[in-house]
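Participant: So that you can map any letter, position 117 of the sequence shown is 117 in our numbering, and since no number is skipped, the others follow by simple counting.
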Amino acid sequence: MLSIVQQDHLTVKSELKLLNQVQQWFERFCLQHLFQLGWSESQLYRLNLALAEGFTNAVRHAHHALPPETTIEIDVSLWMDRLEMRIWDYGKPFNPDALEEPEPGTLQVGGYGWFLLRRLADHVVYERGADGRNCLLIVKYGLQGQP
Numbered sequence: 001m002l003s004i005v006q007q008d009h010l011t012v013k014s015e016l017k018l019l020n021q022v023q024q025w026f027e028r029f030c031l032q033h034l035f036q037l038g039w040s041e042s043q044l045y046r047l048n049l050a051l052a053e054g055f056t057n058a059v060r061h062a063h064h065a066l067p068p069e070t071t072i073e074i075d076v077s078l079w080m081d082r083l084e085m086r087i088w089d090y091g092k093p094f095n096p097d098a099l100e101e102p103e104p105g106t107l108q109v110g111g112y113g114w115f116l117l118r119r120l121a122d123h124v125v126y127e128r129g130a131d132g133r134n135c136l137l138i139v140k141y142g143l144q145g146q147p
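This is the structure:
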């Protein structure tokens with residue numbers, strides 16, 4: 001059984017202006033730990049984009065009716081074969097399976113985030129925790145651990 005190599009945690013308020021801080025925190029983690037395991041810049045870019053999409057979705061959708069002081073928590077866990085990000089929010093849950101994927105070639109405002117996340121990551125799960133929070137799990141496998 002593989003064990004966690006490194007992990008980190010960040011708690012921020014529900015404010016879009018904090019996205020840059022979230023991304024810089026994640027980039028520092030990546031620079032310190034992922035390059036030594038052979039992760040490419042392309043993989044890190046995709047992960048950072050997935051994190052940005054997950055964070056902004058939590059702020060814009062899950063927390064839109066909540067005070068900006070409501071926190072969003074982010075956990076990053078690096079295993080030998082994968083990286084897992086968990087984004088925790090306090091919003092009302094939603095069913096991602098009920099979302100219809102936009103038709104190719106059509107333009108619409110919004111509605112692309114969930115589908116973008118699923119293309120950037122190898123595994124994406126959204127679920128309601130027993131503590132009343134929602135968790136967005138984003139998993140990306142490293143070169144050695146790709147299924």
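Ideal placement from N, C-alpha and C gives every residue a C-beta, glycine not left out. Keep in mind it's a predicted model, so treat the numbers as computed, not measured.
Within its chain, find whatever has a CB closer than 6 Å to the CB of Leu10; leave out the 5 residues flanking it on each side and keep chain order.
Facilitator: Locating residue 10 in the sequence shown gives position 10, where the first residue counts as 1. So the list reads Trp25 and Ile74, once near-sequence residues are dropped.
Participant: Where does His9 sit, in a helix, a strand or coil, going by DSSP?
Facilitator: As a working mapping, residue 9 is identified with position 9 in the sequence shown. In this structure, His9 counts as strand in the three-state DSSP scheme.
Participant: Using the C-alpha atoms, what's the distance from Arg133 back to Thr70?
Facilitator: Residue mapping note: residue 70 aligns to position 70 of the sequence shown, counting from 1. Residue mapping note: residue 133 aligns to position 133 of the sequence shown, counting from 1. Going from the Cα of Thr70 to the Cα of Arg133 covers about 12 Å.
Participant: Taking the continuous beta strand (DSSP E) assigned at Trp79, which residues delimit it?
Facilitator: Taking the sequence shown and counting its residues from 1, the one referred to as residue 79 is at position 79. Start and end: Thr71 to Trp79.
Participant: Using the three-state DSSP reduction, which class does Tyr90 fall into: helix, strand or coil?
Facilitator: If you number the sequence shown from 1, residue 90 lands on position 90. DSSP places Tyr90 in coil when its eight states are reduced to three.
Participant: Tell me, which residues are paired with Lys140 by DSSP?
Facilitator: Here residue 140 refers to the residue found at position 140 when the sequence shown is read from its first residue. According to DSSP, which records beta bridges pairwise, Lys140 is partnered with Leu83.
Participant: Ordered along the chain, which non-local residues of its own chain (more than five positions away) have a Cβ less than 6 Å from that of Cys30?
Facilitator: In the sequence shown, counting from the first residue as 1, residue 30 sits at position 30. If we look at Cys30 and ignore the five residues flanking it on each side, its Cβ neighbours are Leu44.
Participant: Quick one: is Gly129 buried, meaning 16 or more other Cβ sit within 10 Å of its Cβ, or exposed?
Facilitator: As a working mapping, residue 129 is identified with position 129 in the sequence shown. So Gly129 counts as exposed.
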